[in-house]
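Novice: Protein chains in written order, with our numbering: chain Z, 26 to 184; chain Y, 432 to 733.
Where a beta carbon is used, it is the ideal one built from N, C-alpha and C, also for glycine.
One structure follows; several queries about it will come next.
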Amino acid sequence: MSGASELIVKRIRDGSVIDHIPAGRSLLVLKILGIKGDEGYRVALVMNVESRKIGRKDILKIEGRYISDSEASMITLIAPEATLNIVKNYRVVHKVRLKPPSMVRGIVKCPNSMCVSNNDPEAQPVFTLEKTDSREPSFRCIYCETRLTGSDALTELYG
Amino acid sequence: MRNLISALDLERSEYEELFELADRYIEQLSKKKRLDKLNGKIIALAFFEPSTRTALSFASATLRLGGKVIGFSSEDAISIAKGESLADTIRMLDSYADCIVIRHRYDGSARFASEISGKPIVNAGDGKHEHPTQAILDLYTVRKIFGYVDNLVFGVLGDLRYARVVNSLLRALTRFKPRRVYLISPPQLRARREILDGLNYPYVEISDPRDALSSLDVLYVTRVQRERFPDDLEYRRVRQSYRVDPELVSMMSRDSIVLHPLPRVDEVDREVDKYPQARYFEQASYGVPVRMAVLSRVLGVA
Ligand SMILES: [Zn+2]
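So this is what it looks like as structure tokens:
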């Protein structure tokens, strides 16, 4: 965590910190994690702070909830360089650079409007990892095989 | 092989087994032998989209093997589908039949059906995605005529972007060793990146068929459809330049062949029918034996 963000938000005692989110995307990261705000966790959002690694970045702190690596891996769709820190008693006890998940289920719709996953009430959108290029992982719909990239996911989540 | 959803579901040896099985069926049919491999089996034909040719060839294949056919074509599908999801329809057929052959306008519908049903699913065309039995039939025809598939030069002409038969054919060819494949289309109808990325043989994308014709062994023609073009003028221009007529065929070598999945509208000039290269009617005649082979394989009776 950079010093700048420390000035804005205090360190958390127990919980999860997601760092190196591309600037402006932390709200979408919350959306992917399914955190709406009414769960009662204390959530701190730090947006547009300087980063040596990626220019400007967002940071997300969620107090009282430990996010698992596999849960957090879903955010690599829109934040491929994000890291996850688990904090216990003010100490970082676990720190990982997130890896893209091998499968994404139900988070974003298939970009192909004629895909069965967009047209049958029982069909769920499911994508498997195609390329692990760290700059932007890409996924493929298991039904119609259309490629899903980070920018497709962004368009879809903003929508 | 349990389901046949994509041309990639089959290994080379499985293609070869299907070819040999189709050979045997042709021979047995010519001797008027009664076949009973599908005796007691019911095949459901779920054609949510019209396709007389494909539906009839699956029905004929089933009956030739002593099986029975139930099912519907698009008109009945309208009433079936009223308020009923694809999943519900598949569940119903799953309890009525031993195998479901599905044609549906949504991409990926066959894979989805295979998740719902415990019975083998045969994809008879799902949207613009795949039509694997057509590709098996296409390569069967090539092998029948040349004796092999490897080392031949293929040209695939027309709409490479929205034609499911093209996707399946290009993928089926990855199981063989074509010397080269020319992908011949107007720039806006080029094959999809998702398909091209999976190809393991040399291919070239070109716009003018004249640049490849003389080196082809197989010219595979597909239709360019009106709805792919925003304006009529552009459509007519493209249709004209990708129309296979006697002038184009005379640029091909004498022992090369022209194939087409049929039915055709006017993308192959009727005059071409008289040329020795025209083999699309022969190709169509293999539809039944190849589908007999596919059905007996997915049902595990051959
Ligand atoms: Zn899809």
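1. If you count every other CB in all the chains shown that lies within 10 Å of the CB of Glu739/Y, and 16 or more means buried, which is it?
2. Am I right that Leu600/Y and Val587/Y are in contact with their C-beta atoms under 8 Å? What's the rounded C-beta distance?
3. Heavy atom of ligand 3 less than 8 Å from the Cβ of Ser142/Z, yes or no?
4. So, does the CB of Met72/Z fall closer than 9 Å to a CB anywhere in chain Y?
5. Can we count Asn554/Y as close to ligand 1, meaning its CB is less than 8 Å from some heavy atom?
6. What span of residues does the beta strand (DSSP E) with Met523/Y cover, start to end?
7. With contact counted as at least three CB pairs below 8 Å, one residue from each stretch, are the segment 629 to 638 of chain Y and the segment 610 to 617 of chain Y in contact?
8. Is any beta-carbon of chain Z found at less than 9 Å from that of Ala622/Y?
9. Since Ser95/Z and Pro136/Z should fall inside the 8 Å C-beta cutoff, what is the C-beta to C-beta distance between them, to a whole number of angstroms?
10. What residues from chain Y crowd round Thr171/Z, counting only those whose CB sits closer than 8 Å?
11. Suppose the cutoff is 6 Å on Cβ atoms and the five residues either side in sequence are ignored; what does the same chain contact list for Asp648/Y look like?
12. Would you mind listing the alpha helix (DSSP H) stretches within the segment 555 to 598 of chain Y that are 4+ residues and don't spill past its ends, in chain order?
13. Tell me whether Ser538/Y sits in a helix, a strand or coil according to DSSP, three-state version.
14. When you measure from the CB of Thr171/Z to every non-hydrogen atom of ligand 1, does any distance come out below 8 Å?
15. Give the residues of chain Y in contact with Ala148/Z, contact being defined as C-beta atoms less than 7 Å apart.
16. Determine whether the beta carbon atoms of Thr572/Y and Tyr706/Y lie at a separation below 9 Å.
17. What are the start and end residues of the alpha helix (DSSP H) that includes Asp83/Z?
18. Tell me whether the beta-carbon of Ser76/Z lies closer than 9 Å to the beta-carbon of His45/Z.
19. For Asn143/Z, name the three-state secondary structure that DSSP assigns.
20. Do you know offhand how far Ser51/Z's Cα is from Ile57/Z's?
21. Measuring CB to CB, does Tyr66/Z end up less than 9 Å from Arg90/Z?
22. Give the single residue among Ile531/Y, Ser461/Y, Met683/Y whose Cα lies nearest to the Cα of Phe478/Y.
23. Tell me, please, which residues DSSP counts as bridged to His119/Z.
24. I'd like to confirm something about Pro150/Z: is its beta-carbon nearer than 8 Å to some heavy atom of ligand 1, or not?
25. For Pro661/Y, name the three-state secondary structure that DSSP assigns.
26. Considering Cα atoms alone, identify which of Arg728/Y, His691/Y, Asp662/Y is closest to Gln565/Y.
27. Pull up the DSSP beta-bridge partners for Leu129/Z, would you.
28. Just how far apart, CA to CA, sit Glu480/Y and Tyr632/Y?
29. Could you work out which residues of chain Y lie near Val129/Z, taking near to mean beta carbons separated by less than 7 Å?
30. Using a C-beta to C-beta distance shorter than 7 Å, which residues of chain Y count as neighbours of Ile167/Z?
31. Out of Gln459/Y, Ser727/Y, Val597/Y, point me to the one whose CA is closest to Ser437/Y's CA.
32. Below 8 Å, can you find three or more Cβ-Cβ pairs linking the segment 668 to 679 of chain Y to the segment 532 to 550 of chain Y?
33. From what residue to what residue does the alpha helix (DSSP H) around Gly175/Z run?
34. So which residues on chain Y does Ser142/Z lean against when the C-beta distance must stay under 8 Å?
35. Please check if any C-beta of chain Z sits within less than 9 Å of the C-beta of Ile547/Y.
36. What residues in its chain sit with their C-beta under 6 Å from that of Gly131/Z, if we drop five residues either side in the sequence?
Specialist: The short version:
1. Residue 739/Y is absent from the structure shown; chain Y starts at 432 and stops at 733.
2. Along the second sequence, read from residue 1 onward, the residue named residue 600/Y stands at position 169. Along the second sequence, read from residue 1 onward, the residue named residue 587/Y stands at position 156. Confirmed, Cβ separation roughly 7 Å.
3. For ligand 3, the structure offers nothing, since it holds only ligand 1.
4. Reading the first sequence from its first residue, position 47 is the one you call residue 72/Z. With a threshold of 9 Å between beta carbons, Met72/Z makes no contact with chain Y.
5. Position 123 of the second sequence holds residue 554/Y. Asn554/Y Cβ: outside cutoff for every heavy atom of ligand 1.
6. Residue numbering aside, residue 523/Y sits at position 92 when the second sequence is read from its first letter. Unbroken run through Met523/Y is the alpha helix (DSSP H), 517 to 527; no beta strand (DSSP E).
7. The segment 629 to 638 of chain Y, when compared against the segment 610 to 617 of chain Y, does touch it at the 8 Å Cβ threshold.
8. Translated into positions along the second sequence, residue 622/Y becomes position 191. So, not an interface residue.
9. If you number the first sequence from 1, residue 95/Z lands on position 70. If you number the first sequence from 1, residue 136/Z lands on position 111. 24 Å between Cβ atoms; not a contact.
10. Along the first sequence, read from residue 1 onward, the residue named residue 171/Z stands at position 146. Near Thr171/Z (Cβ distances below 8 Å), the residues of chain Y are Asp538, Glu625.
11. For the purposes of this step, residue 648/Y is identified with residue 217 of the second sequence, where counting begins at 1. The residues are Leu583, Val584, Ser687.
12. For secondary structure counted as the alpha helix (DSSP H) over 4 or more consecutive residues, the segment 555 to 598 of chain Y holds these complete runs in sequence order: 563 to 577.
13. The residue given as residue 538/Y occupies position 107 in the second sequence. The sequence as given places Asp at residue 538/Y; Ser does not occur at that position. Asp538/Y falls in the strand class under three-state DSSP.
14. Position 146 of the first sequence holds residue 171/Z. At least one heavy atom of ligand 1 falls within 8 Å of the beta-carbon of Thr171/Z.
15. Numbered from its first residue, the first sequence carries residue 148/Z at position 123. Correct list: Phe543.
16. Here residue 572/Y refers to the residue found at position 141 when the second sequence is read from its first residue. Here residue 706/Y refers to the residue found at position 275 when the second sequence is read from its first residue. Their beta carbons are not under 9 Å apart, which means Thr572/Y does not touch Tyr706/Y by this criterion.
17. Position 58 of the first sequence holds residue 83/Z. It is not in any alpha helix (DSSP H) - Asp83/Z instead sits in the beta strand (DSSP E) that spans 80 to 88.
18. Taking the first residue of the first sequence as position 1, residue 76/Z is located at position 51. Taking the first residue of the first sequence as position 1, residue 45/Z is located at position 20. Their beta carbons are under 9 Å apart, which means Ser76/Z touches His45/Z by this criterion.
19. Locating residue 143/Z in the first sequence gives position 118, counting from the first residue. In the displayed model, Asn143/Z falls within a helix according to three-state DSSP.
20. On the first sequence, residue 51/Z is found 26 positions in, with the first residue counted as 1. On the first sequence, residue 57/Z is found 32 positions in, with the first residue counted as 1. Straight-line Cα distance between these residues: approximately 10 Å.
21. To locate residue 66/Z, count along the first sequence from 1; it is residue 41. To locate residue 90/Z, count along the first sequence from 1; it is residue 65. Yes, they are a contact pair.
22. Along the second sequence, read from residue 1 onward, the residue named residue 478/Y stands at position 47. Of the listed residues, the one whose Cα sits closest to Phe478/Y is Ile531/Y.
23. Taking the first sequence and counting its residues from 1, one reaches residue 119/Z at position 94. His119/Z is bridged by DSSP to Ile111/Z.
24. For the purposes of this step, residue 150/Z is taken as residue 125 along the first sequence, with counting starting at 1. Residue side-chain check: Pro150/Z places its Cβ nearer than 8 Å to a non-hydrogen atom of ligand 1.
25. The residue you call residue 661/Y lines up with position 230 of the second sequence. In this structure, Pro661/Y counts as coil in the three-state DSSP scheme.
26. Here residue 565/Y refers to the residue found at position 134 when the second sequence is read from its first residue. Taking only the C-alpha atoms, the option nearest Gln565/Y is His691/Y.
27. If you number the first sequence from 1, residue 129/Z lands on position 104. For the record, residue 129/Z in the displayed sequence is Val; it is not Leu. Within the DSSP secondary-structure output, Val129/Z pairs in a beta bridge with Phe152/Z.
28. In the second sequence, residue 480/Y corresponds to position 49, counting from 1. In the second sequence, residue 632/Y corresponds to position 201, counting from 1. In a straight line, the C-alpha of Glu480/Y is about 33 Å away from that of Tyr632/Y.
29. Within the first sequence, the letter at position 104 stands for residue 129/Z. Within 7 Å Cβ-Cβ: nothing; Val129/Z doesn't reach chain Y, min ~16 Å.
30. Locating residue 167/Z in the first sequence gives position 142, where the first residue counts as 1. Within chain Y, the residues whose beta carbon sits less than 7 Å from that of Ile167/Z are Arg542, listed in sequence order.
31. Translated into the one-based positions of the second sequence, residue 437/Y becomes position 6. Considering only alpha carbons, the answer is Val597/Y.
32. With the cut-off at 8 Å, the segment 668 to 679 of chain Y and the segment 532 to 550 of chain Y do not touch.
33. Start at 1 with the first residue of the first sequence, and residue 175/Z comes out as number 150. Per DSSP, Gly175/Z belongs to the alpha helix (DSSP H) from 175 to 183.
34. Position 117 of the first sequence, counting from 1, holds the residue named residue 142/Z. Residues of chain Y passing the Cβ test: Gly539, Phe543.
35. Indexing the second sequence from 1 puts residue 547/Y at position 116. Answer yes: the Cβ-Cβ gap between Ile547/Y and chain Z drops below 9 Å somewhere.
36. Translated into the one-based positions of the first sequence, residue 131/Z becomes position 106. Gln149, listed in sequence order.
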